[in-house]
Amino acid sequence: MKQDLTARQREVLATIIRYRDDWGYPPTVRELAQILGISSPRGATKHLEVLERKGWIRRTPGISRGIEVMEPPFPSSADKLSSTDLPILGTVPAGPLDLAVEDMDGVMTVDATIGKKGDFLLRVRGESMTGDHIKPGDLALIRPQATARNGDLVVAMVDNEATMKRYRRTKNTVVLEPSNPSYSPIEITKDNSDMRIIGKVKAVIRLMDQEPVGEPRAGSWGELKP
Numbered sequence: 003m004k005q006d007l008t009a010r011q012r013e014v015l016a017t018i019i020r021y022r023d024d025w026g027y028p029p030t031v032r033e034l035a036q037i038l039g040i041s042s043p044r045g046a047t048k049h050l051e052v053l054e055r056k057g058w059i060r061r062t063p064g065i066s067r068g069i070e071v072m073e074p075p076f077p078s079s080a081d082k083l084s085s086t087d088l089p090i091l092g093t094v095p096a097g098p099l100d101l102a103v104e105d106m107d108g109v110m111t112v113d114a115t116i117g118k119k120g121d122f123l124l125r126v127r128g129e130s131m132t133g134d135h136i137k138p139g140d141l142a143l144i145r146p147q148a149t150a151r152n153g154d155l156v157v158a159m160v161d162n163e164a165t166m167k168r169y170r171r172t173k174n175t176v177v178l179e180p181s182n183p184s185y186s187p188i189e190i191t192k193d194n195s196d197m198r199i200i201g202k203v204k205a206v207i208r209l210m211d212q213e214p215v216g217e218p219r220a221g222s223w224g225e226l227k228p
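Reading the sequence shown from the start, the letters are residues 3 to 228 in the working numbering.
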């Protein structure tokens, strides 16, 4: 029987789950301490000891990533993790992200296992990613980062325009691939384009009763064109 967790213990558990879901394996104790802002691995170990004693995780001695979350993680409403308010960005200038109030188009509350502080939502426009079941009007949950691995679904700025595509890199070329065959890939070399990654798409949220999406205006983060 799992025991109730404090807010801090729920945060630690959510961090472990999020790391596992992002990378496919749990964090080391040292990585967990760094993410949580704990000064020493021993502090993170104490949290793990409590989570294990309360029945939420199981640890394998002698293995650096030997943390196993006991599924299902949230068997009752009393055990749910905290939620996070994420901004839905309206018009944002091309350049460094600035989550100023005037740039927001609302806020959505999501479970902490889905989004975390610093993430944001963009409204999708265009149909180039329909092969990934991403449609105009969907909300894409973006985790800011400047790098990507092959196959990641990313938001990138290409010549000051935002786009959502699959990231592929060869020795000399970056290719941003659509999943709709009606659209062509965007090939980027050092000579022909200015490209930078803004973030990775972590989830897509669809509101079934949403209003139709109109024509986009160029240069707006809130009008992402996949």
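Idealized CB from N, CA, C, for every residue including glycine.
| field | Identified DSSP bridge partners for M110 | value | As a first step, residue 110 must be located in the sequence shown, where it is residue number 108. BP columns for M110 point to L88.
| Excluding sequence positions up to five away, which residues of its chain have a Cβ less than 7 Å from the Cβ of I40? | Position 38 of the sequence shown, counted from the start, is the residue given in the question as residue 40. Taken in chain order, the residues that qualify are A46.
| field | Assigned exposure category for M210 - 16 Cβ within 10 Å defines buried | value | Stepping through the sequence shown from its first residue, residue 210 is reached at position 208. When all chains shown are included, M210 counts as exposed.
| message | For E54, which residues in the same chain have their Cβ closer than 8 Å to its Cβ, ignoring the five residues on either side in sequence? | response | Taking the first residue of the sequence shown as position 1, residue 54 is located at position 52. If you ignore the 5 residues before and after E54, its C-beta comes within less than 8 Å of the C-beta of R60 and R61, all in its own chain and listed in chain order.
| So, V206 versus D140, is the Cβ gap smaller than 8 Å? | What you label residue 206 is simply residue 204 of the sequence shown in a count that begins at 1. What you label residue 140 is simply residue 138 of the sequence shown in a count that begins at 1. A contact, by the Cβ cut-off of 8 Å.
| How is R61 classed by DSSP in three states: helix, strand or coil? | By one-based count along the sequence shown, residue 61 stands at place 59. DSSP places R61 in strand when its eight states are reduced to three.
| task | Could you check the C-alpha separation between Y169 and G153 for me, to the nearest Å? | result | As a working mapping, residue 169 is identified with position 167 in the sequence shown. As a working mapping, residue 153 is identified with position 151 in the sequence shown. Y169 and G153: Cα-Cα distance of roughly 5 Å.
| Smallest Cα separation from K4: which of G57, L91 and A35? | Taking the first residue of the sequence shown as 1, we reach residue 4 at position 2. Closest by alpha carbon: G57.
| query | Buried or exposed: where does S130 fall if 16 or more other Cβ atoms within 10 Å of its Cβ makes it buried? | reply | Against the sequence shown, residue 130 aligns to sequence position 128. Per the 10 Å Cβ criterion, buried.
| In terms of alpha-carbon separation, which member of A148, G201 and T132 lies closest to S262? | Here the chain covers residues 3 to 228 and nothing more, so residue 262 does not appear.
| Reduced DSSP category for K48 - H, G, I as helix; E, B as strand; rest coil | Translated into the one-based positions of the sequence shown, residue 48 becomes position 46. Helix.
| request: Inspect the beta-carbon positions of V176 and P187 and report whether they are closer than 8 Å. | output: Residue numbering aside, residue 176 sits at position 174 when the sequence shown is read from its first letter. Residue numbering aside, residue 187 sits at position 185 when the sequence shown is read from its first letter. No.
| request: To the nearest angstrom, report how far apart D6 and E179 are at their CA atoms. | output: Counting from 1 along the sequence shown, the entry for residue 6 is found at position 4. Counting from 1 along the sequence shown, the entry for residue 179 is found at position 177. The straight-line gap from Cα to Cα measures roughly 45 Å.
| Quick one, are the C-beta atoms of M197 and A150 less than 8 Å apart? | Taking the sequence shown and counting its residues from 1, one reaches residue 197 at position 195. Taking the sequence shown and counting its residues from 1, one reaches residue 150 at position 148. The Cβ atoms of M197 and A150 lie no closer than 8 Å to each other.
| How big is the Cα-Cα spacing for L155 and L124? | Walking along the sequence shown from the start, residue 155 turns up at place 153. Walking along the sequence shown from the start, residue 124 turns up at place 122. Approximately 14 Å, taken between the alpha carbons.
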